[in-house]
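Residues in the sequence shown are numbered consecutively from 28, following our numbering.
Each residue gets a CB set at the ideal place from its N, CA and C atoms; glycine is no exception.
Comments concern the structure below.
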Amino acid sequence: MRVVHVSAEVHPFAMTGGLGGVAGSLPQALAAAGHETAVIAPYYSRRIRQAVEWLSGEWRTWTGESFGVASARLPGGVPVYFVAEESLFGREGYYGPSEFEAYPDNALRFSFFCRAAAALIGSTGPWDVVHCHDWHSGLVPPMLDFIGGPPAVFTIHNLAFQGRFDAALYPVTGLPPGMFSVEGLEFYGDFSFMKGGIVYSRAVTTVSPGYAREIQLPSGGCGLDGVLRSRSQVLFGILNGIDTDLWGPEDDPLIAAPYAASSLRRKLLCRDALVAETCLDAPRRIPLAAVVSRLTPQKGMDLLAAGAAGPAGRGEMALVVLGSGERWIEDSISALAADNPGRVFFRTGWDEDLSHRLFAGSDIFLMPSRFEPCGLTQMIAMRYGSLPVARRTGGLADTVADMRSRGTGFLFDGDSPADLEEALSRAIDAFIDRRAWRSAMRRGMARDDSWASRMPAYEEVYAKAADRR
């Protein structure tokens, strides 16, 4: 089958989170399974450092605007076609001047991107299915419906970000006025890219079965739960996979010592190296917990300082935190580290090499997310033998089995620091029984969370969208 992906991010060229990782990994897994595939993404000229090849010829959208096209290849050889328009994408930020501020012309920017993507779909095809990812590509399905094109599959990576804009801006989409309707793009007086993708696609997927259920409820639907319930027959939850070539303790060059489920004592060498690197006082008799996360309320990071203060202060655990986000949360974790020297280490910002060492050196991995469409780090942590302490939501509930049922981690249901502390206390108590702990580590490491394991589900969705089944 021939499947082209449309995404605002694609790793390793442009990535802010899980969207870029999926758009970079899923096409490679499809190609490995024998399918022909490609990716279409914006060309962020100030952010993309890799060499690209500029394609000759005149490229125009179906509304007559010209644009440039550059190409490159993913590590597995999958072609990536970049839509180039310097006035729209030649900026320092992908979506805004900072993480918490959007560009005022994002409706124009991503409407243009969708029109250019629709043109490239026609010129690089024929394609059996167009797979669009998140709101930035949400106008591609209605555009293909309007101008004629292959059937679309639309994936919701995070429903909280919808591409919702004032109705006065609707003309920048280039779509006919008739599509601005309750049955179409209209959303409470505005228009929504996300709703366009949901309504005009043959099939809709999201990134875990649990999240697919949650977004059909008023509590998790962000105003679109009714629309999603109306499409429940074509809504599928498929867990994301992880790149097992990049993430795996057996041959990770960034950790102190390689290890496997059959050689867990070597993981202690990684733990010792991490303790030395962070100058922690963390003897092997207490668990070493880690956090690798954006520091935002969605990730539950506002619970972390108060939830971990008791166990860290009593010397029951040590904690390493790597991440950045909202300043007040960063300040609370900095204060936790200052109050607990030798027990808490905080590195603000992002350090990919250090993240590998945290997965390999930690005993416990914390993910107290308020909602988590899928989550990748809990799967990576289990692959490295670090047991998650996680809130029972979305993809976390789909991937982490609680230790009460011979599982791979510790789940909790509440939304307070006390709930996190109680779950941490369960993990600390369980750590005493090293034989049972090692058994849980091996169960987590035995999971198959590779992208190859997700292929049958995607192949079935693509076949349904293409009317082949």
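Nearest neighbour of residue i, chosen from the options [CA to CA]
| i | options | result |
| --- | --- | --- |
| G376 | F392, W355, L349 and A362 | L349 |
| A303 | G369, G434 and V261 | G369 |
| T426 | A187, V105, Q405 and V416 | Q405 |
| A309 | P280, E213, D390 and A284 | D390 |
| D193 | F263, A179, E213 and P177 | E213 |
| S466 | G412, W274, Y485 and L447 | G412 |
| L82 | A97, G205 and T88 | A97 |
| I148 | M206, V209, W86 and P276 | W86 |
Simplified DSSP assignment, three categories, for residue i
| i | result |
| --- | --- |
| F40 | coil |
| A68 | strand |
| M108 | In the sequence under discussion, the amino acid at residue 108 is Tyr, which differs from the Met named in the question. Looking at Y108 - three-state DSSP - the assignment turns out to be strand. |
| F263 | strand |
| D329 | coil |
| C159 | strand |
| M394 | strand |
| L414 | strand |
| L82 | coil |
| R29 | strand |
| F127 | coil |
| F386 | helix |
| G334 | helix |
| A99 | strand |
| P361 | Just to set this straight, residue 361 is Ser in the shown sequence, not Pro. Note: S361 maps to helix in three-state DSSP. |
| T435 | coil |
| S443 | coil |
Cβ-based neighbour list, residue i, same chain, cut-off 6 Å, excluding 5 preceding and 5 following
| i | result |
| --- | --- |
| V33 | I67, A144, C159, S164 and V167 |
| A332 | S359, I360 and L363 |
| G325 | The identity of residue 325 in the sequence shown is Gln, whereas the question assumes Gly. So the list reads R397, once near-sequence residues are dropped. |
| V49 | N267 |
| R496 | Unreliable placement is indicated for R496, whose pLDDT of 42 sits below 50; the coordinate value is still reported in the next sentence. So the qualifying residues of the chain are A490. |
| G223 | G165, L166, P169 and L212 |
| W6 | Residue coverage of the chain in this structure runs from 28 to 496, which leaves residue 6 outside it and unanswerable. |
| L296 | A283 and A284 |
Residue j beta carbon less than 9 Å from that of residue i
| i | j | result |
| --- | --- | --- |
| I75 | I269 | no |
| W154 | Q189 | no |
| L186 | G253 | no |
| F437 | M430 | yes |
| S382 | G352 | no |
| H184 | T233 | yes |
| T420 | G237 | yes |
Residue i: CB within 8 Å of a non-hydrogen atom of the ligand NAP
| i | result |
| --- | --- |
| A187 | This structure simply doesn't include the ligand NAP, nor any ligand for that matter. |
Cβ shell of residue i (< 7 Å), same chain only, five flanking positions each side left out
| i | result |
| --- | --- |
| V343 | The question names Val, but residue 343 is Glu in the sequence shown. Contacts found: I313 and I455. |
Neighbourhood of residue i by C-beta, 8 Å cutoff - its chain only, sequence neighbours within 5 removed
| i | result |
| --- | --- |
| L403 | G45, G48, N267 and I269 |
| C249 | L186, A187, Q189 and I242 |
| G117 | Y71, S72 and R73 |
| R384 | L281, I282, A283, C297, A300, L301 and E304 |
(message) For a minimum of 3 consecutive residues, which ranges assigned as the beta strand (DSSP E) are wholly contained in the stretch 230–313?
(response) Counting only runs of 3 or more, we get 230–233 and 262–264.
(request) Note down, one range per segment and in chain order, each alpha helix (DSSP H) of at least 4 residues found wholly within the stretch 139–225. (result) The stretch 139–225 contains these whole alpha helix (DSSP H) runs: 167–174.
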